[in-house]
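Undergrad:
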Amino acid sequence: MAPQNSQFGLSPGSLVYIGPEVERHTVLKIVEYNDQFHREHTPEVEECHVKGRDEVVTWLDVDGIHEPEIIEQIGKIHEIDSLVLEDIMNTRQKAKIEHFDDYVFIVIKMLHFKGRQQVTLDAEHVSFVLQKGALISFQEKRTGDIFDPVMNRIKASVGKTRKNGADYLLFALMDLVIDHYLVLLEKISEQLDDLEEQILKNTRHDPINELYALKRELTLMRKYVWPIREVLNSILRGDSDLIQPATLPYFRDVHDHVLQAIDSIDAQRELLTALIDIHYSTLSNRMNSVMKTLTIYTALFMPLTLIVGIYGMNFDNMPELRHPEGYFYTLGAMVLVAAGLLFYFRRRGWL
Amino acid sequence: MAPQNSQFGLSPGSLVYIGPEVERHTVLKIVEYNDQFHREHTPEVEECHVKGRDEVVTWLDVDGIHEPEIIEQIGKIHEIDSLVLEDIMNTRQKAKIEHFDDYVFIVIKMLHFKGRQQVTLDAEHVSFVLQKGALISFQEKRTGDIFDPVMNRIKASVGKTRKNGADYLLFALMDLVIDHYLVLLEKISEQLDDLEEQILKNTRHDPINELYALKRELTLMRKYVWPIREVLNSILRGDSDLIQPATLPYFRDVHDHVLQAIDSIDAQRELLTALIDIHYSTLSNRMNSVMKTLTIYTALFMPLTLIVGIYGMNFDNMPELRHPEGYFYTLGAMVLVAAGLLFYFRRRGWL
Amino acid sequence: MAPQNSQFGLSPGSLVYIGPEVERHTVLKIVEYNDQFHREHTPEVEECHVKGRDEVVTWLDVDGIHEPEIIEQIGKIHEIDSLVLEDIMNTRQKAKIEHFDDYVFIVIKMLHFKGRQQVTLDAEHVSFVLQKGALISFQEKRTGDIFDPVMNRIKASVGKTRKNGADYLLFALMDLVIDHYLVLLEKISEQLDDLEEQILKNTRHDPINELYALKRELTLMRKYVWPIREVLNSILRGDSDLIQPATLPYFRDVHDHVLQAIDSIDAQRELLTALIDIHYSTLSNRMNSVMKTLTIYTALFMPLTLIVGIYGMNFDNMPELRHPEGYFYTLGAMVLVAAGLLFYFRRRGWL
Amino acid sequence: MAPQNSQFGLSPGSLVYIGPEVERHTVLKIVEYNDQFHREHTPEVEECHVKGRDEVVTWLDVDGIHEPEIIEQIGKIHEIDSLVLEDIMNTRQKAKIEHFDDYVFIVIKMLHFKGRQQVTLDAEHVSFVLQKGALISFQEKRTGDIFDPVMNRIKASVGKTRKNGADYLLFALMDLVIDHYLVLLEKISEQLDDLEEQILKNTRHDPINELYALKRELTLMRKYVWPIREVLNSILRGDSDLIQPATLPYFRDVHDHVLQAIDSIDAQRELLTALIDIHYSTLSNRMNSVMKTLTIYTALFMPLTLIVGIYGMNFDNMPELRHPEGYFYTLGAMVLVAAGLLFYFRRRGWL
Amino acid sequence: MAPQNSQFGLSPGSLVYIGPEVERHTVLKIVEYNDQFHREHTPEVEECHVKGRDEVVTWLDVDGIHEPEIIEQIGKIHEIDSLVLEDIMNTRQKAKIEHFDDYVFIVIKMLHFKGRQQVTLDAEHVSFVLQKGALISFQEKRTGDIFDPVMNRIKASVGKTRKNGADYLLFALMDLVIDHYLVLLEKISEQLDDLEEQILKNTRHDPINELYALKRELTLMRKYVWPIREVLNSILRGDSDLIQPATLPYFRDVHDHVLQAIDSIDAQRELLTALIDIHYSTLSNRMNSVMKTLTIYTALFMPLTLIVGIYGMNFDNMPELRHPEGYFYTLGAMVLVAAGLLFYFRRRGWL
C-alpha cells in the first residue's frame, strides 16, 4: 500500500499507515506455551483471538503494520481502541505507554544499522498490547527476525520465560530491544575511538562529515531512547495490574539498561563535541603553519630580489658595477642577509 | 480599522484590535447539528445567540476579529468577560486556556507558510469559547478557510463529529490546527534535507542566510507550539466539566501530536546547528586550500625569480655570463630547484 | 543628598539612599476618590496619614526616595517596617513582594529609554505599599510623570478605577508599568529588524558593537522583568487578603503580559545570537574573497614576471634573444600562460 | 602546623587542618552583653564555656582554625560533634547549615581581594555554632579583623544588637559577610566597565588574559555564594528553634542580598562572554584589514613590476625600446594601470 | 575467563562477566570483629556464610568478580537475587542502590590513575551487599589493595569501626573510595594549574591535546561520581532499616564530600573551557602577528623593487640613466620611500 505522510484533514481515528513504502504482506504467528506445553502456528486473521485463556500464555506476533484491514480486524477481535490502532500504524509515533481497562499499550523502537560502511540508524516501529494471559506484538518489518532469540528460548524451554506469564514475555521482548541499543552503542563507540585516534594523530584530513554523521545518529538515538524511560517509570510505579509485582525487578533491570544507554549516548556526544573542537584547532594550526611558510619565503627572498634588482639597473654611473670583485661581494652580502633573517625567524620561534 | 501596537495607557479591558491591518469585513456563520439534523446559516450579529440548547450542538464561527463592535456584541450576548474579549482581539496573545464558571476559553495559533519560494511562517490567531452545547470559534483572517474539512465532514456526516457534543467539535478543530503543524514541519524537514545535501556535497557557496531563515522559522514555531502543551495538560487533568471524560482520549491524541511537533522542531534545530558548524568547517578548509595555493606559488617562483635576477645584474666581472653554456646550465638549475620544492611540498602533504 | 553604594558595615535597617545622585526635592501628592467623589492635594509630610478609611480610596504618591527623613516619617505614620523602608530607598533591590499583617509591599521597575540615538535602558525604582483602602506609591524620579494616565483616568472618571478599591488601583499602576515594557520591546524589535536587514544585505561593515549594545539591554531588561513573574504568582495564589478575588482576573491579565514580555525578550536574544553568527560568517566570507583575489594576482603575475626575468638575463649566449621574432613569441607565450591560469581558476570556482 | 591536602586514609572524624599554611597562633575572645551590660575579655581555652546563660548573650570568637588541640577542646566543652569540628577545620568545605538537637552549625565564606593591581579572590573559612544564648564564631585568619564593625556597634550600643539575642548576633555577622560580597562585586563591575570601554574603543590590544582572570574570579565567587542560598532557605523555613520568628525578617533581608549578589555575578558573567565575542570580532576585523592592505599592495605593484620587467628584457628586436618617447609612454601606462586598480578597489569597498 | 561485551540475546539473569580480561583468580577473605574480638581468615567458597550473627560483625571481601561460579555460589549462600549478581559482574553498571527485604545492594566505582605521565582514569567496579550484621564487598581487581587502610584500622583497633556495626563498616569503605576522588581531583587540579601557567605565559605551542585529555578525564569522573549522590540521598532519606540512625551523620559527611567532588569537577571543567578559549585567542593573535610581518615585508619591498625595475628597463631614451648622480639619487629616493612606509605602519600600530 502506498505510504502517507500525515493524517491532516482526515477524520480522527482513521486507520492510515504512515511510514516508508512496504512491498511484503503481513505475516501472523501464534505461539502458545506454559510450563509443559508449546505450540506454534500461522493463523488466518479471522481466527487469531488470543485473549483471556488462563492456563496458557498466548503470543500473537503481527509482522507488518501497513495493511489497515488486518490491523482493524485484529483490533476489532481484541477490542482495541481505534486511537491505539492509529498509533500502531504510525511509525512517527515515539515510545509511549497507555493504560486501558483491560490492556496496556506500549510503543518502542527497535534500532538497527543500515548499510555497512557508513553508520545509518534504521528504526523499526514495535508495539505491544498486553492483555490478561496474552501478548500481541506488532513489528514494522522483519529485519533478521528480531524476536527470534526469545521464540527459540521458549521453544527450547531455556530460561524462565516458560515458567512465567505474559508480562514476563513482554519484559523478555523489551529487554531484547533495549540490549540491542547497547550493542549499537558499542559499535558507535568503537568508530568514535578510531576517529579520535586519527584526529589526535592528525592522519585524517577532513573528518568533519563523519563526525557530523555520528552526531546525527547519536541525536536520533537519544530521541528514540529517551521516552522509553517514561514507559519504564510508568511500569515501575505499578500503574498497571497486568504486570505482576514479581516481574517488576526484571523491568527495573531494563530501566537500568535504558539509563546506561542514555548515559553512554550523552558521553559520546560530549566526546564528539570535544573532537570537533580539536579538529578546528588542528585546522587553525595548519593554517598558521602555512602562513608562516609563506611569510618566511616572502621575507627571505624579497630583500635579495631587491638587491639583485639594484645591480640590474642601467645607470651610466654605478661604481660598484665596475669593481672587479663587486659581483662576489654582492653574493656574499646576500648570503649574510639571508642568514640574518633566518636567525631572526628562528629566534621568534617560527622555524 | 487601523491596527494598533499596544494597549499602553488605555483603560484595562478596552477592546482594541492589535495586529496587522485588515480590509475585509467580519463574516459570521452558524452550524447546528446533531445525529439526525444539520443546518448552516449566516446570521446578523444580533441574532447569533448559541448558548445552552440541549438537543443540538451549535457552532458559531466568527471570521474576523478586528471589529470591536462585533466582538463586543457577541461577548455581551454570551456573557463573556471583557478581559477574554481583549485576548480574542490581541493577536500577540500566545496560546492559553482559561476556565470560567460556565465556559472555557482557549487561544491557539494556526500556522501557514506565506509566499512560495522562501519559508515564512504566518500565524493566525484562533480562539475558542466552549459553552454547554455550543462552541464559538474566532479566526483572525481566512486563509483558504481553515475549518472547511471539519465543516464538510459535519455536512457529509463523515466520522464521529455528528454523534458527539461540542467538546468533540472543539477537539476536531484543534486536531486540524495541530495536524497542520506536522505538515509544515514535514516541508521544513524536506528543505533542510536538500540544504544538508548541498552543504555536505559542497555545491552551495553561501547557505548561511537560508540556514538562518530556517532557524528563525523553527524558533518562531516553537514559540507558538510550546504553550499549547500547557493548554492540553489542563484539559487532560480534567480541569473543566465542559469536556467529558469520554472525549479525553481524543485530546490525549492531540497532546501526543503536539509533543511530536516539539520533538521534531528540536531535532531540526539541532540539525541546523550542526550544519552551521559544517559550513564553517568548509569555509575554513576552503581558506586553507586558497592559502596553500598562494604559498606554493610564492615559494616556487620567488627563488627562480631571484636566480634570473642575479644573472640580470650588470657587473663587469660575472664569469658565468661569459660561459657559452651558462644560460642552459642556469635554466637546468631552475628546473632542479622547482622540482625539489615541488617534491618537498608533496611530502608535506600540500599537493 | 550624596548617593551611596552599599550598606556595608552599617547597622541593618539604617535608612540610606543607594542610587544615582538626585538634585530635586521629594514631592507628595494625595488623591482621594470613590464612585462619586474625587480630591487631589499636596500635603506636608506630617499630615499624609492615608490608612484605613472605609468610604474612599486614598492614594499617596511619593515622588522621590532619596530623603531618608521623609521616608522615615511616612514609614512611622503608616507603621511600615524599617527593612521595608530600606528596600524602598535601595534602587538595587530587584522586584519582589512581601506580605505583612496589615499591608503588602511590592517593588517593581519602571523602564525608559535614555537618550535618542542609542538604546540605553533607564530603570526607575518603584515601590507600592498596599493597605486597607489605601495605596502608597514611591517613585525614584519623575521622568515624564509615569502615573499620569491613571491620575487622569481617575480625574475624568474613565474606566473602572473609580468604581473599585485600592487593589484595583495597584493593578492599574502595575499594568501601566508592564505595558510600557511591551512598548519598549516593540522599539527594540524594530531596531533589530533594521539591523537584521543591514546584516543580511551586507550593507553594514561593523555591526558588532550595536548587536552587543542591544544584547546588553535585553539582558538587563530580562533581569528586571523576570522577578515580576514571582510577584504576580504570589498575588494570583491569593497570598494576601488585601487583594480581593474579584480583582485577580485583572492581575492574571498583567501576568500574561509579563510572560509575553519575557517570551519576546528571549526570542529577540535568540535572534541576536543568530545575527552574530551571520556576521561572523560574513566576515569569514569576505576574508576568503580577499585571500582569493590575492592568490589569483600572485599566481597570475609570478610566472609572467619569471619569464620576463629570464629574458632580462645578461648571458652572452642566449639564442632566443637573437631571434628577430623572439620578443613577440615571448609576449604571445605570456598571454597563453595567463589565459591558461585564468581558465584554471575559473574551473576551480575562484572567479 | 603544616597544612594537609586531604583526609584520605584517615579515620573519619580525625581533626586535621586542611588549608594553606598558617604561622600565627589562635586568638580567643569572649564578648558578653545584654541591654545594660557589656564585657570583653581574652580567656584561656579551658575557661571558655559560653553555653546556656539566660540573662546575657555570650559570643566566643575563635580566630584561627589550624590548631586541632584548641578546636578539639572547644568542641569538647560545648559538646560539638567531631564531624562538625572536622568541617570547621576544613577550608575546602563549602557553605552549609546543619541542625543538631541543641545547636545549629553554619559554614560560610568571607571573601577579600588579595593584592592590589590584579583581582584575586581570597576566601576565608568562617563557621558559626549557635547555641541557646551563645554564639561561637570560627575565623580562618584575621585579614583586617572582619567582625570589628559588629564588635564596635555592640560596644557603642549602636543599632539593635544589644537589644536582641544570639540569633540576631548571628544575623549581624552573616549580614556583614554578605554585604561585603556586594562591595567586591561593585569593584569587579567597575573593572569590567573599564575593560568594556577599552575593548569597544579598541584601545587595548590583548584583553583576553584579563577577561579570563575576571571570569575566573566570578566563577569562584559564584561557587562560594551559591550554597549560602540554601543555608538561608533552611533558616527561613524555620528549621531551627534557636532562631526566633522575630529575627526571620532580618534573615529574609540577607537572603535578598545573596540573591542580588548571585544576579549580579550572573549578569557580569554574561557581559564577560559578550566582551570575549566582541574581542574576537575585533581580532577578525583587524586581520581582515591587514589582509586587505597586503592584497592591495600586491595587486597594485605586481602588474607594474611585470611591465618594467618586460622592457628590461634583452631581445635584439624590441621596437618599443627604440621609440624616443617609449620610456615616457610606458611610465604613463603604468600610472593609468595603477589608477585603474585603485579605482576598482575603491568600488569594491576595500579602500 | 574471556570477557564479553553485552548480554544481548542471553536469557535475563544469566551470569556473565562484562569487562576487560582478567588473568588472576578470585581471592576471598573474611574478617570478623567486635569491640573485644578480631579474626581474619581465607575461606573456601563453600564455607563463607556470613549472615546473621548478632555478637560480631562479619566482613566477606570478594576480590575478583570474573568467575561466575564463585559469584553464583556466594549469591546462593546469602540468598542474593540473580539480577543483583548480574550487576555485580557487569563493570558497565553505574553507581546505584537497591533495597531488598533483608539486604541493601550498593554499586560504586573506585577510581585510580593508570600510567604515570599522562592522566588516564581507571575505574574499578565495587559492590556491597549489606546484611544484618554482615557486609559482603566485591572488588573488580586489586590495584594496591584499596580496602587495606580500613582492614588495618580494624586490626589495630584504631578509630570507631570496632565499636560499631556493619553499617559503619560500609560507611568506612565508601568514605575511603570517595576521599580518593578528592585526592585524584587535587592531582588533576595541579596539572591544570601547570597548563594554565604555560598557556597564559604562552610557553607551550599546542596544548589542545592535553586540554582535551583532561576534559575527557573530568567528563568520565563526573559520570562515575554523579550517581553516587543518589545512592547517598537514598541512604540519608532512611530508606533502609539496616543503616541505623546513629550512622547517618557519617553518611551525611560522605555526601558532603561527594558534592565537594562534583563542585570541583565542574569548576575545573569550566576552567578548561576558558583555557581553550584563551588558546584560540592566542592562536589568532599569533596568526595576526604573522600576517602583519608578511604584509609589512611585502608593502616595504614591492615599491622598492618596482623602482629598481624601472631603471633596469632598456629604453634608448631614459634621461635619468645618463645623469651622473642618477644612481645615488635613486638610492636616496628608495630610502625615503622605505622610511615613509615604516612611519606609516608605526602610526597604524603595526610595528
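Protein chains in written order, with this note's numbering: chain A, 1 to 351; chain B, 1001 to 1351; chain C, 2001 to 2351; chain D, 3001 to 3351; chain E, 4001 to 4351.
For glycine and all other residues, C-beta sits at the position ideal for the given N, C-alpha and C.
(1) Using C-beta distances below 8 angstroms, list every residue in its chain close to A/G238, excluding the 5 sequence neighbours before and after it, in chain order.
(2) Between E/A4299 and chain D, is any beta-carbon pair separated by less than 9 angstroms?
(3) Taking Cβ to Cβ, would you say D/K3155 is nearer than 9 angstroms to D/H3038?
(4) When you check each C-beta in the region 3239-3250 of chain D against every C-beta of chain C, which residues fall closer than 9 angstroms?
(5) Can you give me the Cβ contacts of E/K4096 inside the same chain, cut-off strictly under 6 angstroms, excluding the 5 residues immediately before and after it?
(6) The region 4300-4317 of chain E: which residues have C-beta closer than 7 angstroms to a C-beta of chain D, in chain order?
(7) Beta-carbon of C/L2351 versus every beta-carbon of chain D: anything under 9 angstroms?
(8) Is the region 1326-1339 of chain B in contact with the region 2042-2060 of chain C, if contact means three or more CB pairs nearer than 8 angstroms?
(9) Nearest to D/Y3329 by alpha carbon, out of D/I3307, D/I3262, D/F3315?
(10) What is the DSSP secondary structure of B/N1202, reduced to helix, strand or coil?
(11) Short of 8 angstroms in beta carbon distance, which residues of its chain neighbour D/L3342, apart from the five on each side in sequence? Order them along the chain.
(12) Buried or exposed: which applies to A/R347, given that a residue is buried once 16 or more other Cβ atoms fall within 10 Å of its Cβ?
(13) Alpha carbon to alpha carbon, how far is C/S2137 from B/G1009? Give it in angstroms, no decimals.
(14) Using CA coordinates, which residue listed in A/H99, A/L85, A/V62, A/E23 is at the minimum distance from A/L232?
(15) Residues of chain D with a CB under 7 angstroms from the CB of C/Y2344: which are they?
(16) What does C/Y2295 touch in chain B if you count any residue whose Cβ is under 8 angstroms from its own?
(17) Taking 8 angstroms as the limit between beta carbons, can you name the residues of its chain near A/P3, skipping five residues before and five after?
(18) Can you grab the Cα-Cα spacing for the pair E/I4228 / D/D3266, in whole Å?
(19) Could you tell me which chain B residues have their CB closer than 8 angstroms to the CB of A/M287, listed as they occur along the chain?
(20) Should E/H4257 be labelled buried (16 or more other beta-carbon atoms within 10 Å of its own) or exposed?
(21) Is it buried or exposed for B/A1339, if we count other Cβ within 10 angstroms and need 16 for buried?
(22) Does the Cβ of D/M3001 have 16 or more other Cβ atoms within 10 Å, making it buried, or fewer, making it exposed?
(23) Return helix, strand or coil for A/Y280, following the three-state DSSP convention.
(24) Just to confirm, are A/L169 and A/L135 a CB contact at a threshold of 9 angstroms?
(25) Just tell me which of D/G3312, D/T3293, D/M3302 has its CA closest to the CA of E/Y4344.
(26) Identify the continuous alpha helix (DSSP H) that holds C/Q2073 and give its terminal residues.
(27) So is B/S1127 buried or exposed if we call it buried at 16+ other beta carbons inside 10 Å?
(28) Hey, how far is the Cα of D/L3192 from the Cα of D/L3218?
(29) For B/D1063 versus B/L1028, is the C-beta spacing smaller than 9 angstroms?
(30) Measure from the C-beta of A/F113 to each C-beta in chain E and report whether the shortest distance is under 9 angstroms.
(31) Between the Cα of B/Y1224 and those of B/N1314, B/I1262, B/A1274, spot the shortest distance and give me the residue it belongs to.
(32) How is the beta strand (DSSP E) around D/K3132 delimited, first residue to last?
(33) Measure from the alpha carbon of C/K2215 to the alpha carbon of each residue in C/T2120, C/S2234, C/L2173, then state which is nearest.
(34) Could you give the DSSP three-state label for B/A1123: helix, strand or coil?
(35) Taking its Cβ as the centre, do 16 or more other Cβ atoms sit within 10 Å of D/P3207, making it buried, or is it exposed?
(36) Closest to D/K3114 by CA distance: which of D/V3104, D/M3174, D/K3187 is it?
TA: This is what the structure holds:
(1) P245, L248
(2) yes
(3) yes
(4) P3249, Y3250
(5) V4107
(6) M4302, P4303, T4305, L4306, G4309, I4310, G4312, M4313, N4314, F4315, D4316, N4317
(7) no
(8) no
(9) D/I3307
(10) Here B/N1202 sits in coil by DSSP.
(11) Only L3300, L3351 meet the Cβ criterion.
(12) It is exposed - the Cβ of A/R347 has fewer than 16 other Cβ atoms within 10 Å.
(13) In a straight line, the C-alpha of B/G1009 is about 18 angstroms away from that of C/S2137.
(14) A/L232 has its Cα closest to that of A/H99, out of A/H99, A/L85, A/V62, A/E23.
(15) Contact note: C/Y2344 does not reach chain D at a C-beta cutoff of 7 angstroms; the least C-beta distance is about 18 angstroms.
(16) First, the residue type needs correcting, since residue 2295 of chain C is Thr and not Tyr in the sequence shown. The contacting residues are V1290, M1291, T1293, L1294, Y1297.
(17) Caution applies to A/P3, whose pLDDT of 42 falls short of 50 and renders its modelled position unreliable; the model cannot decide the point.
(18) 29 angstroms
(19) S1284, M1287, N1288, M1291
(20) buried
(21) With fewer than 16 other CB atoms across the displayed protein chains lying within 10 angstroms of its CB, B/A1339 is exposed.
(22) For D/M3001, the predicted structure reports a pLDDT of 37, less than 50, and the residue's modelled location is therefore unreliable. A value from the coordinates is still provided. With fewer than 16 other Cβ atoms within 10 Å, it is exposed.
(23) helix
(24) yes
(25) D/T3293
(26) 2068-2077
(27) buried
(28) 11 angstroms
(29) yes
(30) no
(31) B/I1262
(32) From DSSP, D/K3132 is part of no beta strand (DSSP E); its letter is neither H nor E.
(33) C/T2120
(34) strand
(35) buried
(36) Of the candidates D/V3104, D/M3174, D/K3187, D/K3187 places its Cα closest to the Cα of D/K3114.
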